[in-house]
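K.L.:
This is the structure, below, for whatever I ask next.
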Amino acid sequence: MSSILEISNLSLSFGGVKALQGVSFRVPENTVTTVIGPNGAGKTSLFNCISGFYKPQQGTISYQGKALTGVKPPVRAAMGLARTFQNIALFRGMTVLDNIKLGAHVHMKSGLLGSLAYFGAARREEMAVREEVERHIIDFLEIDHIRRQPVANLSYGLQKRVELARALAMRPKVLLLDEPVAGMNREEKEDMARFILDIREEWGVTVLMVEHDMGMVMDISDHIAVLNFGQVIAEGLPADVQNNQQVIEAYLGTSDMDSLRKKLNPEREVA
Amino acid sequence: MRIGDAKQSYEADEAIWKSSTQKVWFAVLLLVLAVFPFMADAYLLYLGCMVGIAVISTTGLNILTGFTGLISLGQAGFMGVGGYTVAWLSANSALPFPVTLLLAGLLAAAVGILVGLPSLRVKGLYLAIATLAASVFLHFIFAEWESVTGGMGGLSLEPAHLFGLSFQSDFEMYFIIVPLAVLMVFGATNIFRTRTGRAFIAIRDRDISAEILGINLLRYKLMSFALSSFYAGVAGGLFAYFYRVVTPESFPLSMSIFYLAAVIVGGMGNLLGGILGAAFMTLIPEALKLLTAALTPFYPNAPIFMSPMLEIIFGVLIVGFLIFEPHGLAEIWHRIRRFFSLWPFKN
């Protein structure tokens, strides 16, 4: 299986804090790939590097064989990298429908004058987007009953779903989901897991997610990378990762913390 | 009574006027606006023209401050650019008013883009100070560039003209100002039905995720500045044609604050709010004058007490609305409409 996203030797530090140290792994095309790891392992930093917020000091991220170094976030969006955020980043003053339509922004062309006149091409384009959003996204994610509501009024689970809808409107090739089911109840989690699987199967989108809910991760992932202290400590199929000794230690801890630290950072002095 | 709003097409669902009732009411409004100058006396006509100009400028500032979240204290400066452009063209060319107003808007937009450049880096109060600096700078140019602006004495204008028709009186100016105001509010309404307007609101609500969605922040912030100053420029041009004279003191800093107040009192990020705010803020000083005149027979000192009241009332209104009614007059209007939507069957 070819990989759509390849991360090699990525290092990122903030002052003395090394968020990522030589992270390398690949995201095979049309899979659900999950990055797991304890809090502070560098998962969200990794996502921020991929979407272009952070500039890693070392290493490269290549997407469809092209290096992303120096490519600005809006351009990455146009290339097909969409993401959702850990703490929902919707536009609270707008309705659900407008939020989702914003996802299609990069695929629209009308300029200021077309918008002022709302005539001809600009009008047709708006109508086409409305139809696409209604037919493929609102219907698919079962949010037709809330399309006119302001986002701020919605429950947490629904807001997460609207954020997913907005990312889908970007017509992504790779969808980055940062903790898609955090804080949800069981039913909402099951819905979300179903949506993620459908997105991969029906839309052919590669999903890269960060998630803490191990039950869901093991159920729906095709490929897992485990991050700890900014390093990849294991990568592979769910079953392989589950039985990996280092992963168990990272999650369950060991009575001997020093040995773990030494194993992870052989060159670093242990205080 | 209407009990539902089933739509057959997305087109119908995206329309500005969603039902025939709304269309009828809008037609009534247009009719009233058209008949008004024939019924009104000179004073009311003057007020109508003032409100029209204020509506255009407030709508422009609302696009920038209310919808894009960029606070600007440069509105009077941009209006000045428009006013002086029209005045200069009127003295040095024979261009008809649609052309001079368009050029006024475009020049103001260009200045707006220049002033907006720092907006990528600075936000909030800092941007307010940056635009304040720009407005002081513009005032300085108006006062000192005598060969073009006529210095402190300013410039006086020929009446607006088109196809040999000349627009001199308030009655004639009304037929330029009000249709333009309607047209420009309509344009602003369209903006917020399309991607451009959504991008503006996205920048206001959360600029980081706007960037993730592929919105180029600098481009859209400058676009918002350009559009807002275009509106200000046209309003300034109309102002110049209306008074037929422009001086540096025609566009004081307090005017920028006046428009910011109109946006806040009307309702930030709400076009109807901008219109209500503009009308309200324009009419308050007039109401105060009427009150003073009514009180003077009983309290001969009333004018002395009442003359500084305007600033106090403006201040109290701004603070009061920010605290008690942050969504402004528009929200009050929506509440009234909700109350009457099922009246008298539900209270």
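Same order as they appear, the protein sequences are chains A and B. Going by the working numbering, the final residue of the first sequence carries number 274, and the count climbs one at a time with no gaps. Going by the working numbering, the final residue of the second sequence carries number 653, and the count climbs one at a time with no gaps. Backbone N, C-alpha and C fix where the C-beta goes; we use that ideal spot for every residue, glycine too.
With respect to the alpha helix (DSSP H) encompassing residue 169 (chain A), which residues constitute its N-terminal and C-terminal limits?
P.N.:
For residue 169 (chain A), the enclosing alpha helix (DSSP H) covers residues 159-171.
K.L.:
Roughly how many angstroms separate the alpha carbons of residue 127 (chain A) and residue 593 (chain B), rounded to a whole number?
P.N.:
47 Å
K.L.:
How far does the alpha helix (DSSP H) with residue 366 (chain B) in it reach, from first residue to last?
P.N.:
348-367
K.L.:
Taking 9 Å as the cut-off, decide whether the C-beta atoms of residue 178 (chain A) and residue 132 (chain A) are in contact.
P.N.:
No, these two residues do not count as a Cβ contact at 9 Å.
K.L.:
Do residue 6 (chain A) and residue 62 (chain A) have their C-beta atoms within less than 9 Å of each other?
P.N.:
No.
K.L.:
Looking at chain A, which residues of the region 496-520 of chain B have a Cβ within less than 9 Å of any of its Cβ atoms?
P.N.:
Here the close residues are 496, 497, 498, 499, 500, 501, 502, 503, 504, 505, 507, 508, 510, 511, 512, 514, 515, 516, 517, 518, 519 and 520.
K.L.:
So residue 391 (chain B) is in the alpha helix (DSSP H); what residue range does that whole segment cover?
P.N.:
Bounds of the alpha helix (DSSP H) holding residue 391 (chain B) are 381-398.
K.L.:
So with Cβ pairs under 9 Å, would you call residue 182 (chain A) a contact of chain B?
P.N.:
no
K.L.:
Would you identify the three-state DSSP class for residue 51 (chain A), choosing helix, strand or coil?
P.N.:
helix
K.L.:
Please list the partners that residue 97 (chain A) has in chain B, where partner means a Cβ-to-Cβ separation under 9 Å.
P.N.:
504, 507, 508 and 511
K.L.:
Which one or two residues does DSSP pair with residue 239 (chain A) in a beta bridge?
P.N.:
A:227
K.L.:
Reducing DSSP to helix, strand and coil, say where residue 467 (chain B) ends up.
P.N.:
strand
K.L.:
Is residue 499 (chain B) helix, strand or coil by DSSP?
P.N.:
coil
K.L.:
Beta-carbon of residue 121 (chain A) versus every beta-carbon of chain B: anything under 9 Å?
P.N.:
yes
K.L.:
Could you tell me which uninterrupted alpha helix (DSSP H) segments, each at least 4 residues in length, are contained entirely in the region 25-106 of chain A, listed from first to last along the chain?
P.N.:
46-54, 76-82 and 99-106
K.L.:
Taking only beta-carbon atoms, is residue 529 (chain B) less than 9 Å away from chain A?
P.N.:
yes
K.L.:
If we count the other Cβ atoms within 10 Å of its Cβ and call it buried at 16 or more, is residue 273 (chain A) buried or exposed?
P.N.:
Its pLDDT being 46, under 50, residue 273 (chain A) is placed unreliably in this model, and the value from its coordinates should be taken loosely. Per the 10 Å Cβ criterion, exposed.
K.L.:
Consider the Cβ of residue 104 (chain A): report whether some Cβ of chain B lies at a distance smaller than 9 Å.
P.N.:
yes
K.L.:
Would you mind stating whether residue 486 (chain B) and residue 426 (chain B) have Cβ atoms separated by less than 9 Å?
P.N.:
Contact flag unset, no.
K.L.:
Please list, in chain order, the chain B residues whose beta carbon lies closer than 9 Å to that of residue 109 (chain A).
P.N.:
519, 520 and 521
K.L.:
Could you list which residues in chain A have their beta carbon closer than 9 Å to that of residue 430 (chain B), in chain order?
P.N.:
Simply none; closest approach about 17 Å.
K.L.:
Residue 173 (chain A) versus chain B: which residues are under 8 Å apart at the beta carbon?
P.N.:
519 and 520
K.L.:
So if I threshold CB-CB distances at 8 Å, which residues from the region 12-28 of chain A count as touching chain B?
P.N.:
none
K.L.:
Starting from the beta carbon of residue 654 (chain B), find every residue of chain A whose beta carbon is closer than 8 Å, and list them in chain order.
P.N.:
With chain B covering 307 to 653 only, the question about residue 654 (chain B) has no answer from this structure.
K.L.:
Assuming residue 81 (chain A) and residue 520 (chain B) form a contact by the criterion Cβ under 8 Å, report the distance between their Cβ atoms to the nearest whole angstrom.
P.N.:
Contact holds; Cβ gap of about 5 Å.
K.L.:
Would you give the residue range spanned by the alpha helix (DSSP H) that residue 441 (chain B) belongs to?
P.N.:
430-450
K.L.:
Where does residue 7 (chain A) fall in DSSP's three states?
P.N.:
Three-state DSSP puts residue 7 (chain A) in a strand.
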